[in-house]
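There are 2 protein chains.
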Amino acid sequence: MAPDTGNRGVEGTEEGGAGSPRVPESRRRKRLPRSEREQMIVEEAIRFFAEVGFEGQTRELARRLGITQPLIFRYFPTKEDLIERVYQEVYLSRWNPWWEELLEDRSLTLEERLTDFYRAYTKAIFTYEWVRIFVYSGLKGVNINKRYLALIRDRVLKRIMRELRAANGLPEPEKVAFSEPELELAWGLHGSIFYIAIRKWIYEVAIPSDIEGVIAAEVESFMNGAPKVVARLIDEHRRPASAARKATGR
Amino acid sequence: MAPDTGNRGVEGTEEGGAGSPRVPESRRRKRLPRSEREQMIVEEAIRFFAEVGFEGQTRELARRLGITQPLIFRYFPTKEDLIERVYQEVYLSRWNPWWEELLEDRSLTLEERLTDFYRAYTKAIFTYEWVRIFVYSGLKGVNINKRYLALIRDRVLKRIMRELRAANGLPEPEKVAFSEPELELAWGLHGSIFYIAIRKWIYEVAIPSDIEGVIAAEVESFMNGAPKVVARLIDEHRRPASAARKATGR
DNA sequence: ATGTTTAATTAGCGCTCGATCAGAAATTGG
DNA sequence: CCAATTTCTGATCGAGCGCTAATTAAACAT
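As given, the protein sequences belong to chains A and B, one line each in that order.
Remember, this note's numbering sits 22 above the position in the first sequence when you count from 1.
Remember, this note's numbering sits 22 above the position in the second sequence when you count from 1.
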């Protein structure tokens with residue numbers, strides 16, 4: 023029976039006449055600098071795990087890399103170490119601090135800022151790899167996932183709601199703290215946009231070609247609709263009892 | 023070494039004095055009617071696969087059921103058959119046709135209908151099992167998933183947009199067909215609500231206790247914000263060229 | 001050329017997976 | 001009470017898993 027080791031990637035045509043080199047180029051063993059090979063493995067692992075999930079097998083990964091399976095273990099002591107590295111590579115180094123400045127740049131209207139932000143944000147993270155790795159690791163209950171969501175909440179959503187209040191003459195969060203439903207409105211905007219990515223890369227159904235237009239419409243709808251709700255929520259917060267019942271009940 | 027078969031579930035205390043029955047009740051082999059045992063297996067499989075994904079192992083599933091692993095294969099010829107059955111059980115039989123009537127019941131305001139609908143809808147499908155099975159099967163690329171999304175689009179979202187137009191004196195879809203961005207607005211509402219479930223059961227972060235209140239706020243914001251955007255989109259559709267450029271580009 | 005270094009392969013171990021099957025034990029019909 | 005029926009278990013198979021050890025060979029310095 024065949025040996026239990028990973029094959030090389032593409033099978034070259036079997037070596038032929040006497041004139042050809044003893045070992046054809048396609049099957050030739052290639053030595054790469056340590057860092058370069060490591061990067062190759064990580065990048066292919068991202069693609070691979072994004073596609074099949076983290077239960078994907080190291081032998082198949084090696085096959086796609088055109089290397090043997092044990093070689094992976096010379097670079098990453100365990101499969102779990104490789105997965106950890108994939109998280110680092112996918113999550114970190116895709117966050118752009120400029121986004122935070124953009125959101126509070128009051129020389130633009132808030133609607134412009136939100137549109138620009140979500141265009142930039144989706145451009146950075148709306149990729150097959152990012153979205154699927156994020157969901158796979160979420161299902162696994164990985165910690166890095168929760169930290170990322172906290173980042174979104176604190177750096178993005180709270181900024182949006184602060185700016186939304188400012189643009190509508192409402193009190194700063196230092197005066198009247200954000201209530202749960204108010205922050206939830208921002209989660210709603212965020213979710214409505216992220217759900218596009220879920221439909222595309224998790225459910226793999228067709229989505230509009232013009233994502234920028236959809237983002238613009240979503241933001242426009244949010245800017246039209248949210249301020250009045252925020253005002254109501256703040257108002258209810260000041261006079262709690264009966265007003266709250268009227269608003270959330272029937 | 024221990025035999026490779028699934029253990030019984032809970033280990034009873036070892037049988038004691040002479041008066042006790044030879045085999046204690048807790049270890050006693052239980053024969054159930056075929057249909058009853060089958061139902062047990064399916065229900066536990068739903069919980070189990072929702073938790074760990076479809077790569078979860080039949081031995082662990084058997085352990086949770088308190089039966090041996092081969093017994094599962096007397097009811098389902100292959101693991102894939104069991105998974106298929108799980109899909110059926112989870113997806114079908116949770117759709118309520120009454121929802122569709124509710125959405126077009128014009129004796130209520132559209133805002134009331136939307137709030138009622140999403141309260142009923144989330145009550146039916148916002149469960150640990152449903153949401154996670156849905157995402158797991160989405161990642162696997164299962165067909166039933168895509169069919170479900172088409173159901174949402176045709177039975178729910180198109181109805182919502184038809185009613186939204188009617189409530190705002192805009193033309194029926196038979197006169198002016200839905201554009202992609204217009205339907206996308208409805209996806210936005212849907213996504214903003216479904217994203218709550220994703221945060222809770224996929225990412226497992228804390229979400230507001232008062233989901234009904236959040237739904238009400240989300241619907242209110244949608245009703246405040248969406249009609250103006252829909253009107254704009256329909257208007258652009260009539261005078262396509264320059265107006266569209268102005269609206270989506272910068 | 002030749003020796004040294006080390007990337008890469010070959011071979012295979014121990015274990016776990018889904019699935020099979022003969023036989024044991026619980027229920028049912030007489 | 002016994003025989004027939006059917007659920008359920010115990011033992012095990014072959015394939016495939018992560019991972020390791022021994023060996024081969026490419027690249028580089030001399």
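Quick reminder that beta carbons are idealized off the backbone N, C-alpha and C, glycines included.
Only a predicted model underlies this, so the values are computations on that prediction, with no experimental measurement involved.
If contact is defined by three or more beta carbon pairs under 8 angstroms, each pair taking one atom from either stretch, is the stretch 160-176 of chain A in contact with the stretch 219-232 of chain B? yes
For the stretch 97-115 of chain A against the stretch 71-81 of chain A, are there 3 or more C-beta pairs whose distance is under 8 angstroms? yes
Evaluate Arg96 of chain B with the Cβ neighbour count: other Cβ atoms within 10 Å of its Cβ, from every protein chain shown; 16 or more gives buried, anything less gives exposed. Within the second sequence, the letter at position 74 stands for residue 96 of chain B. Arg96 of chain B comes out exposed.
When DSSP labels each residue in this structure, what does Ile147 of chain A get in the three-state scheme? For this step, residue 147 of chain A is matched to residue 125 along the first sequence. Note: Ile147 of chain A maps to helix in three-state DSSP.
Straight-line gap, Trp110 of chain B to Tyr158 of chain B (C-alpha atoms, nearest Å): In the second sequence, residue 110 of chain B corresponds to position 88, counting from 1. In the second sequence, residue 158 of chain B corresponds to position 136, counting from 1. According to the sequence displayed, residue 110 of chain B carries Gln and not Trp. Taking the straight line from one Cα to the other gives about 14 angstroms.
Answer yes or no: do Arg247 of chain B and Ala208 of chain A have a C-beta to C-beta separation smaller than 9 angstroms? Position 225 of the second sequence, counting from 1, holds the residue named residue 247 of chain B. Position 186 of the first sequence, counting from 1, holds the residue named residue 208 of chain A. According to the sequence provided, residue 247 of chain B is Gly. The question's Arg does not apply to it. Contact: no.
Between Glu206 of chain A and Arg177 of chain A, what straight-line distance do the alpha-carbon atoms span, to the nearest angstrom? By 1-based counting over the first sequence, the position of residue 206 of chain A is 184. By 1-based counting over the first sequence, the position of residue 177 of chain A is 155. Taking the straight line joining both Cα atoms gives about 15 angstroms.
At the level of alpha carbons, what is the spacing between Tyr113 of chain A and Gly191 of chain B? Working through the first sequence from its first residue, we reach residue 113 of chain A at position 91. Working through the second sequence from its first residue, we reach residue 191 of chain B at position 169. Cα to Cα, the separation comes out at about 46 angstroms.
Cross-chain neighbours of Val198 of chain B in chain A, by beta carbon under 9 angstroms: Along the second sequence, read from residue 1 onward, the residue named residue 198 of chain B stands at position 176. Residues of chain A passing the Cβ test: none, with the nearest at roughly 16 angstroms.
Asn246 of chain A - DSSP class collapsed to helix/strand/coil: On the first sequence, residue 246 of chain A is found 224 positions in, with the first residue counted as 1. Helix, per DSSP.
Which ranges would you report for the alpha helix (DSSP H) in the stretch 156-198 of chain B if only whole runs of at least 4 residues count? 165-173, 180-189
Measuring only the C-alpha atoms, how far is Val241 of chain A from Ser214 of chain B? Along the first sequence, read from residue 1 onward, the residue named residue 241 of chain A stands at position 219. Along the second sequence, read from residue 1 onward, the residue named residue 214 of chain B stands at position 192. Approximately 13 angstroms between the Cα atoms of the pair.
According to the neighbour-count rule (16 or more other Cβ atoms, all chains shown, within 10 Å of its Cβ), is Arg261 of chain B buried or exposed? Counting from one through the second sequence, the residue named residue 261 of chain B turns up at place 239. Exposed: under 16 other Cβ atoms inside 10 Å.
Using 9 angstroms as the threshold, is the C-beta distance between Pro92 of chain B and Asp232 of chain A below it? By one-based count along the second sequence, residue 92 of chain B stands at place 70. By one-based count along the first sequence, residue 232 of chain A stands at place 210. No, the pair does not count as a contact, with Cβ atoms beyond the cut-off.
Short Cβ contact (9 angstroms threshold) for Ala239 of chain A with Gly210 of chain B: Start at 1 with the first residue of the first sequence, and residue 239 of chain A comes out as number 217. Start at 1 with the first residue of the second sequence, and residue 210 of chain B comes out as number 188. For Ala239 of chain A and Gly210 of chain B, yes; Cβs fall inside 9 angstroms.
At a CB-CB cut-off below 9 angstroms, which residues of chain A make contact with Tyr217 of chain B? As a working note, residue 217 of chain B is residue 195 in the second sequence. Trp209, Gly210, His212, Gly213, Ser214, Phe216, Tyr217, Ile220, listed in chain order.
Against chain B, does Val45 of chain A count as a neighbour if the rule is that its beta carbon must be under 9 angstroms from one of theirs? Sequence index remark: in the first sequence, residue 45 of chain A carries index 23 (1-based). Interpretation of Val45 of chain A is limited by its pLDDT of 49, a score under 50 that renders its predicted location unreliable; no figure is taken from the coordinates.
Can you give me the C-alpha to C-alpha distance between Thr90 of chain A and Ala84 of chain A, rounded to a whole angstrom? Position 68 of the first sequence, counted from the start, is the residue given in the question as residue 90 of chain A. Position 62 of the first sequence, counted from the start, is the residue given in the question as residue 84 of chain A. Taking the straight line from one Cα to the other gives about 6 angstroms.
Which residue marks the beginning of the alpha helix (DSSP H) containing Leu4 of chain B, and which one marks its end? This structure leaves residue 4 of chain B out entirely; chain B is present only between 23 and 272.
Beta-carbon proximity list for Val251 of chain A, same chain, < 7 angstroms, skipping 5 on both sides: What you label residue 251 of chain A is simply residue 229 of the first sequence in a count that begins at 1. Answer for Val251 of chain A: Leu207, listed in chain order.
I'd like the list of long-range same chain contacts for Met183 of chain A, defined as Cβ closer than 8 angstroms, with 5 residues on each side in sequence excluded. Position 161 of the first sequence, counted from the start, is the residue given in the question as residue 183 of chain A. Correct list, in chain order: Pro195, Phe200, Glu204, Leu205, Leu207, Ala208, Val252.
Could one say the Cβ of Tyr113 of chain A lies closer than 9 angstroms to chain B's Cβ atoms, at least one of them? Locating residue 113 of chain A in the first sequence gives position 91, counting from the first residue. It does not: the Cβ of Tyr113 of chain A has no partner Cβ on chain B nearer than 9 angstroms.
For Arg187 of chain B, does the count of other Cβ atoms within 10 angstroms reach 16, so buried, or fall short, so exposed? Translated into positions along the second sequence, residue 187 of chain B becomes position 165. Flag for Arg187 of chain B reads buried.
CB contact below 9 angstroms: Val236 of chain B versus chain A: Counting from 1 along the second sequence, the entry for residue 236 of chain B is found at position 214. Chain A contact via Cβ: present.
Pro203 of chain A lies in the alpha helix (DSSP H); which residues open and close that run? Position 181 of the first sequence, counted from the first residue, corresponds to residue 203 of chain A. Unbroken alpha helix (DSSP H) run through Pro203 of chain A: 202-219.
DSSP-derived helix/strand/coil call for Phe98 of chain B: Taking the first residue of the second sequence as 1, we reach residue 98 of chain B at position 76. If DSSP states are grouped into helix, strand and coil, Phe98 of chain B belongs with coil.
Express the C-alpha separation of Phe156 of chain B and Tyr143 of chain B in angstroms, rounding to a whole number. Mapped onto the second sequence, residue 143 of chain B falls at position 121. Mapped onto the second sequence, residue 156 of chain B falls at position 134. So the alpha carbons of these two residues sit roughly 15 angstroms apart.
Sort A:Arg86, A:Glu82, A:Arg221 by Cα distance to Lys168 of chain B and report the nearest one. Position 146 of the second sequence, counting from 1, holds the residue named residue 168 of chain B. Nearest option by C-alpha distance: A:Arg221.
Amino acids of chain A, ordered along the chain, whose beta-carbon sits closer than 7 angstroms to that of Ala84 of chain B: As a position in the second sequence, residue 84 of chain B is number 62, starting the count at 1. By Cβ distance, chain A contributes nothing, its closest Cβ being about 20 angstroms from Ala84 of chain B, past 7 angstroms.
If I measure Cβ to Cβ from Val45 of chain A and keep anything under 6 angstroms in the same chain, skipping five residues before and after, which residues do I get? Reading the first sequence from its first residue, position 23 is the one you call residue 45 of chain A. Bear in mind that a pLDDT of 49 at Val45 of chain A, under 50, signals an unreliable position, so the number given afterwards is only what the model happens to contain. So no residue of the chain qualifies.
So which residues on chain B does Lys180 of chain A lean against when the C-beta distance must stay under 7 angstroms? Locating residue 180 of chain A in the first sequence gives position 158, where the first residue counts as 1. Near Lys180 of chain A there are no residues of chain B at all, since even the closest Cβ is about 15 angstroms away, more than 7 angstroms.
For Arg59 of chain B, which residues in the same chain have their Cβ closer than 7 angstroms to its Cβ, ignoring the five residues on either side in sequence? Here residue 59 of chain B corresponds to residue number 37 of the second sequence, with the count starting at 1. Around Arg59 of chain B: Tyr97.
Under 9 angstroms from the C-beta of Ser129 of chain A: neighbouring residues of chain B: For the purposes of this step, residue 129 of chain A is taken as the residue at position 107 of the first sequence. Ordered by position in chain B, no residue passes the 9 angstroms Cβ test against Ser129 of chain A, which lies about 15 angstroms from the chain.
Return the residues of the stretch 54-65 of chain A that lie within a Cβ-Cβ distance of less than 9 angstroms from chain B, sorted by chain order. none
Buried or exposed: which applies to Pro43 of chain B, given that a residue is buried once 16 or more other Cβ atoms fall within 10 Å of its Cβ? Position 21 of the second sequence, counted from the start, is the residue given in the question as residue 43 of chain B. Any reading at Pro43 of chain B needs caution, since the residue's pLDDT is 42, under 50, leaving its predicted position unreliable; the model's value is listed next. Exposed.
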